[in-house]
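Residue numbers (the working numbering), protein chains in the order written: chain A, 1 to 335; chain B, 1 to 335.
Number of protein chains: 2
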Amino acid sequence: MKVTIYDVAKKAGVSIATVSKVINNKGNISEKTRKKVLDVKKKLDFHPNVMASALTGKKTKTIGLLIPDLANPFFSDLARNIEDSANELGYNLIMCSTDYLAEKENKYLSLLKQKNVDGFILASGFEDLRKIQELMEENIPVSIIARDSPMIPINTVVIDDFMGGYQATSYLISLGHENIGIIARNIWSNRERLRGYKQALEDNGIKAPGHIEYAEEISIGWGKKITQNYLNSDNPPTAVFTCNDLLGIGAIHAAREYGISVPEQLSVIGFDDTMIATIIAPSLTTMAQPVQIMGKEIMELMVGMIERNEIIKQIILMPELVVRESTAKVIKKYF
Amino acid sequence: MKVTIYDVAKKAGVSIATVSKVINNKGNISEKTRKKVLDVKKKLDFHPNVMASALTGKKTKTIGLLIPDLANPFFSDLARNIEDSANELGYNLIMCSTDYLAEKENKYLSLLKQKNVDGFILASGFEDLRKIQELMEENIPVSIIARDSPMIPINTVVIDDFMGGYQATSYLISLGHENIGIIARNIWSNRERLRGYKQALEDNGIKAPGHIEYAEEISIGWGKKITQNYLNSDNPPTAVFTCNDLLGIGAIHAAREYGISVPEQLSVIGFDDTMIATIIAPSLTTMAQPVQIMGKEIMELMVGMIERNEIIKQIILMPELVVRESTAKVIKKYF
DNA sequence: GTGAAAGCGCTAACAG
DNA sequence: CTGTTAGCGCTTTCAC
């Protein structure tokens, strides 16, 4: 059967208290018994039971990660990077896809709380501020990544979505585009990118508002559908800024179907810089999110909070323009 | 602070044993006290501590999922489907990416064992049979998905990779191709697909072995590189079967770079049917793995084993040909 | 330096 | 039908 601290104690000829102490590097133990215990521990291949020690107030070294959808390439990429960092710091992740549903989020939150996770990383679009506050009151570390930070002090790692939208749009403008459409989903990050888009237009003296439509889902289908709408309109744009890569792929598909060439007749710029941006032809110009750094930072915040009670920080990272083939200078119709 | 079973007992005016019984639906409890307890439980928002009950031999309702790489679209898709099914059955998943490294696998295995997971799902390419056997001896449920089943009785959900390779190749042959290359990674599933490929060639009387090369990684880059090799050879193939979609994308990229049109001059067929198959142009013909069913089946096997000690099953699912745009009839050079 | 003992929150006999 | 009690495996005072 499972080897317990008693087995080690007996075999080493000491008490379980002593064993516990050497294992946790606590108290004063003579070098001799310490050696002895460590020796037996190895011999018996003893690994302390996490449940039992968690019961006595220790950590479980597992963190709950709530994420909208693990099958979405951006989030699976992010999750993988968080996982790597967690692993390095000695933590495991329980991952839960919430599909942006408050109901699922709440369910997972209470489920994982029962399982004594050491804290939560919320990548999900969380509606219910009270839930977060509840967690904080219960002294459960929570931090937020890649989504809006509520107006409460909480550890956060985000990118500057406003800047991202601003830069993407500015780049398009610098290529000579003036009629620029945007496709977003009605979630916080996208609304910020939209705000950046508007600001860029305004700052460049472009009065005419471009096409603005919300996708109901983040999917190729929705990107395609909305782009078709734009292309069918009286005043089709010469460029479209999609608030993520998936939508951008949809835009390119729509253009292809209409026989409109990208980037010659339509420039497309995405957001996230997921793997799919390099799959499509033409490859997608996009705003890259530094997922690796984000994963590292969020785990460091978490661990700082869990193990050292560090103070709260908000980390804002900058997205970065990655120019590929889907954007080009606008071809002036009137010269 | 945290509300415990004692709080409920006190407030309900009963003993903790009674509370425990009504919560677990055990023993005989009068309707009156049952109501009372449930009432108080709700009022106090009591949720039993999973650690504590796990300590007494109950389940933790969490399962360890070891998977090669969460950022790989096939695996993230699979993981998401397992997660959904797990969720429905009341389980959570601790997910770990192993990168096909025995070292990581072993580490995670012992880590999660300490955390008292109820069992393991191994999607990873596990080298170390002894480790699996060890788990089974310790009576820890293990099952295997989407990878080779070792020669020991163990719950398994796999697709028939041999058939998949056979079908993919047969389809190409039915299109008139005779010079068919294959790109695989040297892992079990891919070797099986390769075996199917060879069998199909043989069964159709095609003597000349096509190009066969192993990719060192599952990546677009390797698919591209090897396809370039094939295309540069004396006897370039008219079709290439890549053992997964990522490699297939690479093949298409290589063709594009060489000015060879797909499918007119080169047919490409992939494997997995991940989202990326529909992103690329031309969209990728591929062998679909029924990930949703796989996720459901594997969780049912796990739960059957954990909760009902059911006997071991091996479930073999059939991959299915999904014809898209990357394959076409061969154009005969000599007519 | 080391160990006895209490207790973390819960379950499972076993009494009553 | 309900409660008492002995653990589950470990940590942590507090004596010795």
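Beta carbons: idealized from backbone N, C-alpha and C, even for Gly.
Judged by DSSP in its simplified three-state form, Q289/A adopts coil rather than helix or strand. Relative to the Cα of I182/A, the nearest Cα in the group Y100/A, S30/A and D245/A belongs to D245/A. Counted as a single uninterrupted DSSP element, the alpha helix (DSSP H) harbouring M163/A occupies residues D161 to S174.
The beta-carbon of N25/A is placed no less than 8 Å from the nearest beta-carbon of chain B.
Of the residues assessed, S97/B falls on the buried side of the cut-off, its CB having 16 or more other CB atoms within 10 angstroms. For L112/A, the C-beta contacts it makes with chain B under 9 Å involve N92, in order along the chain.
Burial check for N24/A: the Cβ neighbour count within 10 Å stays below 16, so the residue is exposed. By the C-beta criterion, the stretch 102-120 of chain B is judged to be in contact with the stretch 50-66 of chain B, since at least 3 inter-stretch pairs fall below 8 Å. The beta carbons of K41/A and V8/A sit closer together than 8 Å. Approximately 7 Å separates the beta-carbon atoms of D160/B and P319/B; this is inside 8 Å, confirming the contact. In this structure, the beta-carbon distance from N81/A to G295/A falls below 8 Å. Bounds of the beta strand (DSSP E) holding E320/B are E320 to V322.
Rounded to the nearest angstrom, the gap between the Cα atoms of Y171/A and R185/A is 21 Å. By the rule that beta-carbons nearer than 8 Å mark a contact, H177/A does not touch chain B. Think of a sphere of 9 Å around the beta carbon of A281/B: the chain A residues whose beta carbon falls inside it are I252, H253, R256, I280 and A281, in chain order. Per DSSP, A200/B has no beta-bridge partner at all.
Residues of chain A whose Cβ lies closer than 9 Å to the Cβ of M136/B do not exist, since the nearest Cβ in that chain is about 15 Å away.
In the DSSP assignment, V157/A is bridged to I145/A and I315/A. A residue is called buried when at least 16 other Cβ atoms come within 10 angstroms of its Cβ; D234/B does not meet this threshold and is exposed. Secondary-structure assignment with DSSP links G64/B through a beta bridge to I94/B and F120/B.
For E213/A, the enclosing beta strand (DSSP E) begins and ends at I212 to A215. Nearest to N309/B by alpha-carbon distance, out of Y100/B, T56/B and N155/B, is N155/B. Exclusion of the five residues before and after G125/B leaves Y100, R147 and I187 as the residues of its chain whose Cβ lies within less than 6 Å of its Cβ. Apart from the 5 residues on each side of it in sequence, L44/B sits with its Cβ closer than 8 Å to the Cβ of V3, D7, V8 and K11 in its chain, given in chain order. Restricting attention to D128/B, T18/B, E134/B and I218/B, the CA atom closest to the CA of K113/B is found in E134/B.
For G221/A, the enclosing alpha helix (DSSP H) covers residues I220 to N232.
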